[in-house]
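Presented below is the structure to which this report refers.
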Amino acid sequence: MTQDLDPTQELAQKNTWTTGVLTFLIPLFGYIYTKRYKALLTTFGVFLGLTTLCYLSEPSLEEDEDFIAGMMFLYSVGATVENTRAIGQAKKRVISQAPMVPLLNPDRAKIQLLRLAKAQGEMTLAECVLETDCSPAEIRQWLEELQREDLIQIDNRERDGAIVYRII
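For the sequence shown, the numbering used here assigns the number 232 to the initial residue and increments by one for each residue that follows.
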């Protein structure tokens with residue numbers, strides 16, 4: 232059973248180099264590869280509009296082959312940059328939407344939390360999150376395990392009443 236992908240995820244799976252080469256050589260093929268038909272029409276419309284404006288302002292350009300080749304080259308470069316940039320942006324969006332995966336295994340994280348408590352004397356949940364780059368729920372679970380193992384104690388800080396964790 233195949234799973235339908237969101238257009239952003241589908242675009243993020245495309246190869247940037249393949250897209251760049253295809254779009255530079257034949258822009259139509261590059262846009263077909265990425266399935267970005269609206270962008271194809273937009274870039275081609277801009278190309279036609281600029282070319283038409285140039286012809287209207289200087290009618291003699293119609294017979295100038297260098298002008299036509301130059302405009303086609305500019306269109307290829309512009310379309311290539313636009314199409315490959317769209318893939319890069321899609322990849323960034325997919326990465327930013329991905330769920331956070333803890334960088335530490337639980338045992339390693341507990342040791343890191345104990346070292347932090349020893350170094351600072353007391354630590355808040357926020358400090359633990361910043362130190363380990365893990366979610367507050369994971370940190371809270373690890374701190375509760377450390378408390379059950381009689382390695383830390385939970386207390387309130389006298390000056391502001393904040394919940395702090397201290398090493399025993």
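Beta carbons: idealized from backbone N, C-alpha and C, even for Gly.
Option nearest residue i by Cα separation, candidates the options
i	options	result
L279	V360, K266, R397, L305	L305
R390	I370, G319, I263, E353	E353
T441	K323, N336, Y262, R324	Shown here, the chain extends from 232 to 399; a query on residue 441 therefore has no answer.
L338	I370, S307, T355, A321	Position check: residue 338 holds Asp in this sequence, whereas Leu was assumed. Per the Cα distances, I370.
V252	G319, D297, F275, Y264	Y264
E241	E289, L382, K322	K322
N336	K266, S366, F298, Q328	S366
T239	L259, I326, P290	I326
Q351	E375, Y396, V308	Y396
R346	R324, G319, Q328, L374	L374
L382	K266, I342, A368, E358	I342
DSSP three-state assignment for residue i, whether helix, strand or coil
i	result
I342	helix
R379	helix
M232	Note that M232 has pLDDT 37, beneath the 50 cutoff, so the model's placement of it is unreliable and the number below is only indicative. In the structure shown, M232 sits in coil (DSSP, three-state: anything other than H, G, I, E or B).
Q384	strand
I299	helix
I398	strand
R390	coil
Assumed close pair residue i, residue j - CB separation to whole angstroms, cut-off 8 angstroms
i	j	result
K349	I385	The pair is not a contact, with the Cβ atoms about 16 angstroms apart (cut-off 8 angstroms).
A393	T363	With 8 angstroms as the limit, A393 and T363 do not qualify as a contact, their Cβ atoms being about 19 angstroms apart.
I377	L344	Correcting the residue identity first, residue 377 is Leu in this sequence and not Ile. Indeed they touch by this definition, with Cβ atoms about 7 angstroms apart.
T274	M302	In fact, because the Cβ distance is near 13 angstroms, the residues do not count as touching under 8 angstroms.
V259	L271	Looking at the sequence shown, residue 259 is not Val but Leu. At roughly 7 angstroms, the Cβ-Cβ gap stays under 8 angstroms, so L259 and L271 are in contact.
Beta-ladder partner(s) of residue i, from DSSP
i	result
V325	The partner list for V325 (beta bridge, DSSP) is empty, contrary to what the question assumes.
* **Cβ contact check for the stretch 241 to 250 and the stretch 315 to 325: 3 or more pairs under 8 angstroms** => The stretch 241 to 250 is in contact with the stretch 315 to 325.
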